[in-house]
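Positions in the sequence shown are counted from 1; adding 29 to them yields our numbering.
Just so you know, even glycine gets a beta-carbon here, dropped at the ideal spot from N, CA and C.
This one's a predicted model, so the numbers in the text were calculated from it and none came from an experiment.
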Amino acid sequence: MSDVATSRPRSATVLKTRLLDAHRDEFAAALAWAAEDPSLEAAAARITAARRRFVLGAATSFTYASLLAAKLSAALAKVTLVDGTIVRPLEILSDVHDSDVLIAISLQPYRRYTVEVAAPFVEAGGSLVLVTDSTAAPLVAYAAEAVVIAARPPATDVSDRLHPETPAASPAAVGLVVDILTALSSASAKGAQRRLAERERLAVELGLYLG
Numbered sequence: 030m031s032d033v034a035t036s037r038p039r040s041a042t043v044l045k046t047r048l049l050d051a052h053r054d055e056f057a058a059a060l061a062w063a064a065e066d067p068s069l070e071a072a073a074a075r076i077t078a079a080r081r082r083f084v085l086g087a088a089t090s091f092t093y094a095s096l097l098a099a100k101l102s103a104a105l106a107k108v109t110l111v112d113g114t115i116v117r118p119l120e121i122l123s124d125v126h127d128s129d130v131l132i133a134i135s136l137q138p139y140r141r142y143t144v145e146v147a148a149p150f151v152e153a154g155g156s157l158v159l160v161t162d163s164t165a166a167p168l169v170a171y172a173a174e175a176v177v178i179a180a181r182p183p184a185t186d187v188s189d190r191l192h193p194e195t196p197a198a199s200p201a202a203v204g205l206v207v208d209i210l211t212a213l214s215s216a217s218a219k220g221a222q223r224r225l226a227e228r229e230r231l232a233v234e235l236g237l238y239l240g
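(1) Quick check: the Cα distance between Leu69 and Ala63, rounded to an integer number of angstroms?
(2) Using DSSP with H/G/I as helix, E/B as strand and the rest coil, what is Ala175?
(3) Please name the residue, chosen from Ala166, Pro200 and Phe150, that lies closest to Arg264 on a Cα-to-Cα basis.
(4) At the level of alpha carbons, what is the spacing between Leu136 and Arg39?
(5) Could you have a look at Ser102 and say whether DSSP puts it in helix, strand or coil?
(6) Can you tell me where the alpha helix (DSSP H) with Arg141 in it begins and where it stops?
(7) Taking the Cβ atom as the reference point for each residue, do Leu157 and Leu131 lie within a distance shorter than 8 Å?
(8) Do the stretch 140-156 and the stretch 39-50 make contact, defined as three or more Cβ pairs closer than 8 Å?
(9) At which residues does the alpha helix (DSSP H) containing Ala202 begin and terminate?
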């Protein structure tokens with residue numbers, strides 16, 4: 030085997046080790062921030078108290094929004110993902126109630142689409158729960174509750190490779206926020222446990238899972 034061939038696995042192993050170290054540091058920082066930040070509890074309370082819950086995000090943030098909507102809908106009623114195709118912003122904005130909440134995930138680089146849906150939603154009387162990565166984010170001024178994720182550790186060549194499009198918040202931190210918001214919202218919602226149990230019963234009855 031040539032020296033070039035043997036050097037490639039070694040280089041990949043070194044890079045993997047550096048990436049894992051970067052992930053470890055980022056997740057440790059996210060845990061420390063989440064333990065001390067009271068905005069997570071406040072945001073979850075706002076979500077639980079709402080009659081209807083809409084979830085919004087664009088580009089990379091849409092992935093997190095989809096996950097949040099799926100997890101919330103397992104325990105809470107009337108959770109709708111605004112996907113721009115099946116559920117369009119116009120349909121939401123034309124019928125906003127003061128008991129409605131829009132949960133918007135807006136991470137750098139901030140998408141115009143998210144702002145142009147969330148701001149009119151608030152102006153129409155709804156409440157905004159914002160998940161973002163900076164106090165200077167354009168939607169902070171509109172938010173009834175804002176979860177501002179702590180910035181990740183200072184950028185390095187390795188961490189830039191992890192997520193070049195979201196320099197302020199790490200994916201690990203955003204995923205952690207999704208899990209915590211879901212758990213806190215579900216824990217205090219009336220009927221959440223009954224709803225979860227019924228979903229599991231139906232899943233078994235319909236044979237949705239293998240094994």
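On the basis of the supplied data:
(1) Position 40 of the sequence shown, counted from the first residue, corresponds to residue 69. Position 34 of the sequence shown, counted from the first residue, corresponds to residue 63. Going by the C-alpha atoms only, they are around 8 Å apart.
(2) Against the sequence shown, residue 175 aligns to sequence position 146. Here Ala175 sits in strand by DSSP.
(3) Here the chain covers residues 30 to 240 and nothing more, so residue 264 does not appear.
(4) In the sequence shown, counting from the first residue as 1, residue 136 sits at position 107. In the sequence shown, counting from the first residue as 1, residue 39 sits at position 10. Distance between the alpha carbons of Leu136 and Arg39 is about 35 Å.
(5) For the purposes of this step, residue 102 is taken as the residue at position 73 of the sequence shown. Ser102: helix per DSSP, three-state reduction.
(6) To locate residue 141, count along the sequence shown from 1; it is residue 112. It spans Arg141 to Glu152 - the alpha helix (DSSP H) in which Arg141 sits, taken as one unbroken run.
(7) As a working note, residue 157 is residue 128 in the sequence shown. As a working note, residue 131 is residue 102 in the sequence shown. The answer is yes: Cβ separation under 8 Å.
(8) Too few Cβ pairs lie closer than 8 Å, so no.
(9) The count along the sequence shown starts at 1 and reaches residue 202 at position 173. Ala202 -> alpha helix (DSSP H) spans Pro200 to Ala216.
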